[in-house]
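K.L.:
One structure coming up, written as structure tokens, with questions to follow.
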Amino acid sequence: MTPNVTDMLPYAEASRDSGADSITISNTLNGISIDTRTRKSNLGRPSAGLSGAAILPAVLYHIWRVHKAMKDYPIIGCGGIWDADSAIQHILAGATAIQLGTGLFMNPKLPLEVQQGLQDYLASQGEASLDAIRGTYEYC
Ligand SMILES: Cc1cc2nc3c(=O)[nH]c(=O)nc-3n(C[C@H](O)[C@H](O)[C@H](O)COP(=O)(O)O)c2cc1C
């Protein structure tokens, strides 16, 4: 799903109603970067997709918003995962599984670190499985 919408819920519902078994939240955010000297794009094209750590809060919002309304619909969380903590945040917001993108370019060992970090987190919280913590984000 594209994150370039105010509310992803209608799109997630349409996805489910069309027969998709799950959805990935999300793709990249639209962005531009301007060379102030030339006033032209730094990207080789007018705009491009923003990924990585900067998009984590926006992606978490969309995951939380959809999971809250569609509890049984599996969400693959993708966007801004660069360590175990950001992966855990995806699960707490409601993701069933996670996907690594830009973080892999920075750190090829990221999958191993995230896997270990998830296990350490569950142990430190006294929880038996990811199911026990999924969607348990409380905002107050
Ligand atoms: C170099 C690059 C290429 C990508 N190509 C695709 C693509 O072909 N199709 C797609 O749906 N998303 C594509 N994406 C988006 C990623 O799958 C992912 O949704 C996005 O980068 C956010 O995750 P991240 O912050 O972990 O990178 C691409 C991202 C990057 C950085």
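Using this note's numbering, read the sequence shown as starting at 18 and increasing by one per residue.
Note that the Cβ used here is the ideal one computed from N, Cα and C, for glycine as well.
Return the first residue and the last residue of the alpha helix (DSSP H) that residue 161 is part of.
P.N.:
No statement about residue 161 is possible, as the shown extent of the chain runs from 18 to 157 and does not include it.
K.L.:
Excluding the 5 residues flanking residue 67 on each side, which residues of the same chain have their C-beta closer than 8 angstroms to its C-beta?
P.N.:
45, 46, 47, 48
K.L.:
Nearest to residue 29 by alpha carbon, out of 79, 150, 107?
P.N.:
Of the listed residues, the one whose Cα sits closest to residue 29 is 79.
K.L.:
Count the CB pairs spanning the stretch 119-129 and the stretch 55-67 that are closer than 8 angstroms, and state whether there are at least three.
P.N.:
no
K.L.:
Kindly examine ligand 1 and report whether one of its heavy atoms sits closer than 6 angstroms to the Cβ of residue 44.
P.N.:
yes
K.L.:
Which ranges does the beta strand (DSSP E) cover as unbroken runs of at least 3 residues, wholly within the stretch 74-148, from first to last along the chain?
P.N.:
92-95, 114-116
K.L.:
Residue 70 to residue 104, Cα distance in whole Å?
P.N.:
Spanning the two alpha carbons is a distance of roughly 11 angstroms.
K.L.:
Does the beta carbon of residue 97 fall short of 6 angstroms from some heavy atom of ligand 1?
P.N.:
yes
K.L.:
Residue 53 lies in the beta strand (DSSP E); which residues open and close that run?
P.N.:
Residue 53 -> no beta strand (DSSP E), and no H or E assigned at all.
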